[in-house]
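There are 2 protein chains.
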Amino acid sequence: MDRFTIISSDCHAGLPAQQYREYLDPQFREVFDMALPIQKEMTDKSEQVFLLKEINDQWRAGVEAHLTGAWDYDKRIEVLNGDGIAGEIIFPDGITEQNAPPFGAGLSLPTKDIVPELQWAGARAHNRWLAELCSHNPVRHFGVAVCPLLWDVEEGVKEARWAKENGLRGMMIPAMTNDFEGYHHGRYDPFWQACEDLGLTVCFHSGPGPMQQFFGNDFPMGDVADYPGAVGIYISEVFFWTYRPLIFMLWGGVFERFPKLKCSVTETGQGWLLPPLLRMLDHHYHDTHFSAKLGDYRSHLSMSPTDYFRRNCAIGASCMPREDAEGRHAIGMQQIMWGSDYPHPEGTWPNTPGDVLATFKGLPEADVAAMLGGNAIDFYGFDRAAIDAIGAEVGPLRAAFAA
Amino acid sequence: MDRFTIISSDCHAGLPAQQYREYLDPQFREVFDMALPIQKEMTDKSEQVFLLKEINDQWRAGVEAHLTGAWDYDKRIEVLNGDGIAGEIIFPDGITEQNAPPFGAGLSLPTKDIVPELQWAGARAHNRWLAELCSHNPVRHFGVAVCPLLWDVEEGVKEARWAKENGLRGMMIPAMTNDFEGYHHGRYDPFWQACEDLGLTVCFHSGPGPMQQFFGNDFPMGDVADYPGAVGIYISEVFFWTYRPLIFMLWGGVFERFPKLKCSVTETGQGWLLPPLLRMLDHHYHDTHFSAKLGDYRSHLSMSPTDYFRRNCAIGASCMPREDAEGRHAIGMQQIMWGSDYPHPEGTWPNTPGDVLATFKGLPEADVAAMLGGNAIDFYGFDRAAIDAIGAEVGPLRAAFAA
Chain E
37 MDRFTIISSD CHAGLPAQQY REYLDPQFRE VFDMALPIQK EMTDKSEQVF LLKEINDQWR
97 AGVEAHLTGA WDYDKRIEVL NGDGIAGEII FPDGITEQNA PPFGAGLSLP TKDIVPELQW
157 AGARAHNRWL AELCSHNPVR HFGVAVCPLL WDVEEGVKEA RWAKENGLRG MMIPAMTNDF
217 EGYHHGRYDP FWQACEDLGL TVCFHSGPGP MQQFFGNDFP MGDVADYPGA VGIYISEVFF
277 WTYRPLIFML WGGVFERFPK LKCSVTETGQ GWLLPPLLRM LDHHYHDTHF SAKLGDYRSH
337 LSMSPTDYFR RNCAIGASCM PREDAEGRHA IGMQQIMWGS DYPHPEGTWP NTPGDVLATF
397 KGLPEADVAA MLGGNAIDFY GFDRAAIDAI GAEVGPLRAA FAA
Chain A
37 MDRFTIISSD CHAGLPAQQY REYLDPQFRE VFDMALPIQK EMTDKSEQVF LLKEINDQWR
97 AGVEAHLTGA WDYDKRIEVL NGDGIAGEII FPDGITEQNA PPFGAGLSLP TKDIVPELQW
157 AGARAHNRWL AELCSHNPVR HFGVAVCPLL WDVEEGVKEA RWAKENGLRG MMIPAMTNDF
217 EGYHHGRYDP FWQACEDLGL TVCFHSGPGP MQQFFGNDFP MGDVADYPGA VGIYISEVFF
277 WTYRPLIFML WGGVFERFPK LKCSVTETGQ GWLLPPLLRM LDHHYHDTHF SAKLGDYRSH
337 LSMSPTDYFR RNCAIGASCM PREDAEGRHA IGMQQIMWGS DYPHPEGTWP NTPGDVLATF
397 KGLPEADVAA MLGGNAIDFY GFDRAAIDAI GAEVGPLRAA FAA
C-alpha cells in the first residue's frame, strides 16, 4: 500500500433544522413547529454569548458551498475524498450549532428544562436520518446514535437495539449526568450490557459543561456582561467534563463487569489532561498512605484504571497538534485516533492534507498509519479490507510523510 | 542559621463539637442543642460511608493523647515543637471530621440544606474561638476565618473586617459555588476589595466535592452500596474541585482588578494537576486557532493565567511527596509551601522529622528553605525575624538535609 487509510474519528452531520420535521414521529410535529423559531433564536443567541457570530459568519462565507456536506451525501463524499479520508465516525451537530437535532438532542444534551419525551423524539429523528445517510455506504460511515439515556435506561436499551438493527454502531450518551446518578451506579448496567452484547461503542463527545455556572442561570438568553472570562472558563473546563464520565465508569467497575464494552472520548485535547489523569487514577489505585483513611474502594477492580482504559477505551483526537503525535506513547499509542472535525471551524478541513503532514511528517510510518486510521479501524471495527480499498483511492501518499 | 524555619501551610484546629456552644451567639444555642446529636450522627455515618471508621479509630488509638492539640493550646505547641514547626496556617476541622464547626461551617461548606443564618453563626463561633487560640502567639499562628461567602457578600465583607480586627489573617471561602454565581462574577468584588485592602489572604482548602453525585442524593445518610467506587471518584476529583475557583478567578480578571489580592489553594496534590492545568490555561490565553470561533474572552486580562498565578497565588503542599519537591520548578519554585496537615491522619505528623528528610534531603539548601518555610513567610506575611527566632529553637538542622 502506498497510501495511508485515514479514518476521521470526529465528523459531524446534521440537517438544516426544519428538515428534521419529516423524521419526527407525527405526534411531535406540532410542538416542533412551535419550538423551531425558539430553537433558532437560542442558537443565534448562543453564538452571540460566545461572541462568535461574526467569526462563524466569516468562516461560513469562505466555505459555504461545501458546508452542505453536513447533510448532502454527494457533497459529503466530495469533501471526504478531498480531505483524503476513507472512513468517518459521525456525531450530531453539523455546521457549528446550526444543524443540531430537535429538542436539544445534540452534542450538549441533556439540555435544561426539556421534556424527556421531546428529547427522545428529537434523538430518534436524528438517528433515523443518520441511519439513512450511513446506508449509502456502511463501509465508510460509522454513525453514532444520540441517546438521552439519563431519562430512562430501558428506553436507552430499546434505542440501542434500534440503532443496531438500522446500521448505526455507536451510542452517544450525555457526558453530564447532573442530578441523575453518575455512571458508576448500577442502574445503567442494562445499557452497558446491551451495548456490549450488540457491539455498540459508547461515545462521549466534548461540548457539554455546566453552562449556567459559566454564563449565568439564564444562559443562553441572559446578559453575559456580568460573567467576564466565561468563555475562557468554558474552554478550560470542557475537556474535563467530557473525560469525567470515564472517571465514574472506571472506578465504578463498569469495565470489570462488561469487559468487552468499548467507550470512546472525542475532541478532548488528549495531550494536556489524559496522561496526568491516568497517572493520578493509578496513583489512587496503588497508593495506600494518603487514601488509607478512606477505606476500600478498589477491591471490586481486578485491574488499574489505566489498564481498563488501555483495554476498553480510545480517544477521538480532533484538531490534533504535533505535540500530541510526539507524545503518543504517554497518551497511548493504540488509543489515539486522529479526527478532522468536519464541518466545524476549529477542525482541519478544508486544510486537512497540509495539517496531517504538519502533525505527522517524519514520525515512524507504522505509528502514523495507526493514528491516522489503523487504531480507529481496530477500535470501531471497520472492515479493514474494504476500507483499505477506499484508502488506496483517496488516502495521502505515505512517501510524503517520510522524514 | 543552622536550622530551617518550618511553616506548616496546612494545619487544622477545632473544638470538640459541644464546646462550640459557648462561642455561638446566644440565640443560636437552642437550635445548636437540637442539631448536635444529628451532626454527630451524620459525622459517624459519613465515616462509615467512607468505610473508614475502623481506620480512623485505629489512627486515633495510636496518637490519641496528642490529638487534643486540635484545641488544647499547650498540647498544640508541644506537637508543633516536636514536629520542628515554627509557624502554621490554621484551617478548620480538627481531628478528621470530628471537630468541625457547627452547622456545616467547616471545610466542606457550603453544606446542602443548611439555613444561611445558621451557617454564618457556626462560622462565627469557630472564628471567635480560633482568634482566641491564635492570640496566644500571633507570630506562630496564622488563623484562617471561615466565611460562607456565597449566601451574602456584604456579610462576607463584615466578617473580613471582624477577622482583621481580631487577628485572623485569611478567609476560607467555599470552593464549590454550586447554584450561586461563580467567582468570575462581579458580585464578589466588594469581598475581593476588602481582602486586598485589609491584607487578608483568600484561602481554598480541599475537601468539598459534589458528594451527592458520588454517594447519592441522600449522602451522608443513604446506602452507598449502589455507588461502587464512589470514594475512588471522590479522591480522583477532589483536587479539581479545589483548583476550580482559581480557574474562575483567573479568567474573570479578579487578579487584574485586585492586583494585590492573595489567594492560596491547599492540600491539592500540587504535582499531578497544576503544571498541566497552567499550561492549558496559558494555551487558551495564547491560542488563536482552536478557540477563534469562541471570540474574545481575554482582552480584559493584561497577563496570562500563569502570570497571575505566579504573582498572586501559592500552594499549600500537604503530604508533599518527593517527586513534587523534585518537580518544584514546573509547579512553581516560589509557590510551594510545605504542610504537615496536623492532626489529620494522611499528614506527616507524628512522623514529620523523618518525612521532611525523605521529601527534601539532598536538594539545594535555598530551595529547601523556601519550600519548608521561606515561601510561606513571604506569601502569608509572617514576621521573618520573629518566626526565624522560633525556627532557630525548634527547626531541624540544615546539615541533616545535605546530600
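Line order of the protein sequences matches chains E and A. Using this note's numbering, the letters of the first sequence map in sequence onto residues 37 to 439. Using this note's numbering, the letters of the second sequence map in sequence onto residues 37 to 439. For glycine and all other residues, C-beta sits at the position ideal for the given N, C-alpha and C.
Limits of the unbroken beta strand (DSSP E) element including residue i
i              : result
residue 107(A) : Run containing residue 107(A): none; DSSP gives neither H nor E here.
residue 372(A) : 372-375
residue 301(A) : 299-302
residue 267(E) : Not the beta strand (DSSP E): residue 267(E) falls in the alpha helix (DSSP H), residues 266-288.
residue 391(E) : First-last for residue 391(E): 388-396, but that is the alpha helix (DSSP H), not the beta strand (DSSP E).
residue 126(E) : 123-127
residue 360(E) : Note, residue 360(E): premise wrong, no beta strand (DSSP E); alpha helix (DSSP H) at 358-362.
residue 180(E) : 177-182
residue 349(A) : 349-354
residue 206(A) : 206-208
residue 475(A) : The shown model of chain A, from 37 to 439, leaves out residue 475(A), and the question about it has no answer.
residue 238(A) : 237-241
Top-ranked residue by Cα proximity to residue i, from the options
i              : options                        : result
residue 233(A) : 196(A), 417(A), 401(A)         : 196(A)
residue 228(A) : 318(A), 125(A), 299(A), 338(A) : 299(A)
residue 48(A)  : 371(A), 406(A), 384(A), 59(A)  : 384(A)
residue 289(A) : 272(A), 321(A), 237(A), 311(A) : 321(A)
residue 75(E)  : 271(E), 400(E), 256(E), 345(E) : 256(E)
residue 138(E) : 57(E), 239(E), 171(E)          : 57(E)
residue 274(A) : 253(A), 157(A), 173(A), 247(A) : 247(A)
residue 42(E)  : 430(E), 436(E), 381(E)         : 430(E)
residue 201(E) : 167(E), 396(E), 212(E)         : 167(E)
residue 108(E) : 62(E), 379(E), 60(E), 406(E)   : 379(E)
residue 124(A) : 194(A), 145(A), 177(A)         : 177(A)
residue 67(E)  : 103(E), 390(E), 158(E), 318(E) : 158(E)
residue 21(E)  : 410(E), 37(E), 118(E)          : This structure cannot speak to residue 21(E), because chain E is shown only from 37 to 439.
residue 372(A) : 414(A), 205(A), 394(A), 382(A) : 414(A)
residue 253(A) : 295(A), 231(A), 147(A)         : 147(A)
residue 303(E) : 393(E), 377(E), 348(E)         : 377(E)
residue 427(A) : 128(A), 50(A), 118(A), 296(A)  : 118(A)
Per-residue contacts from residue i into chain A (C-beta, under 7 Å)
i              : result
residue 171(E) : Within 7 Å Cβ-Cβ: nothing; residue 171(E) doesn't reach chain A, min ~32 Å.
residue 146(E) : Neighbours of residue 146(E) on chain A: none; closest Cβ ~15 Å, over 7 Å.
residue 283(E) : 269, 272, 273
residue 312(E) : 308, 309, 312
residue 378(E) : Under the 7 Å cutoff, chain A gives no residues; its nearest Cβ is about 14 Å from residue 378(E).
residue 224(E) : Correct list: empty, because the minimum Cβ distance to chain A is about 11 Å.
Expected contact under 8 Å - CB spacing of residue i and residue j to nearest Å
i              : j              : result
residue 45(E)  : residue 353(E) : 7 Å
residue 39(A)  : residue 433(A) : 6 Å
residue 207(E) : residue 181(E) : 5 Å
residue 135(E) : residue 52(E)  : 6 Å
residue 268(E) : residue 344(A) : About 12 Å separates the two Cβ atoms, so there is no contact after all.
residue 164(E) : residue 59(E)  : 5 Å
residue 105(A) : residue 112(A) : 4 Å
Contact set between residue i and chain E, taken where Cβ atoms lie within less than 7 Å
i              : result
residue 247(A) : Under the 7 Å cutoff, chain E gives no residues; its nearest Cβ is about 11 Å from residue 247(A).
residue 264(A) : 220, 288, 289, 336
Residues that residue i contacts on chain A, provided the C-beta gap is smaller than 8 Å
i              : result
residue 103(E) : What residue 103(E) touches in chain A: nothing, since even the nearest Cβ is about 14 Å away.
residue 315(E) : 308
residue 276(E) : 276
residue 320(E) : 268, 271, 272
residue 56(E)  : Per Cβ cutoff of 8 Å: no residues; residue 56(E) is ~24 Å from chain A at best.
Chain-ordered neighbours of residue i on chain E, where CB pairs are closer than 9 Å
i              : result
residue 333(A) : 86, 87, 264, 265, 266, 267, 268, 269, 270, 271
First and last residue of the uninterrupted alpha helix (DSSP H) at residue i
i              : result
residue 156(A) : 152-171
residue 187(E) : It is not in any alpha helix (DSSP H) - residue 187(E) carries neither H nor E in the DSSP assignment.
residue 228(E) : 225-234
residue 427(E) : 420-430
residue 249(A) : 247-251
| message | Below 8 Å, how does it come out for the segment 216-229 of chain E and the segment 257-271 of chain A: are there three or more Cβ pairs, yes or no? | response | yes
| request: Determine contact between the segment 177-190 of chain A and the segment 148-161 of chain A, defined as no fewer than three beta-carbon pairs at a distance below 8 Å. | output: yes
| query | Per the contact definition of three or more C-beta pairs closer than 8 Å, is the segment 281-288 of chain E in contact with the segment 283-290 of chain A? | reply | no
| query | Does the segment 92-102 of chain A come within contact of the segment 422-430 of chain E, defined as at least 3 CB pairs closer than 8 Å? | reply | no
| Any chance the segment 330-343 of chain E sits against the segment 360-367 of chain E, with 3 or more Cβ pairs inside 8 Å? | no
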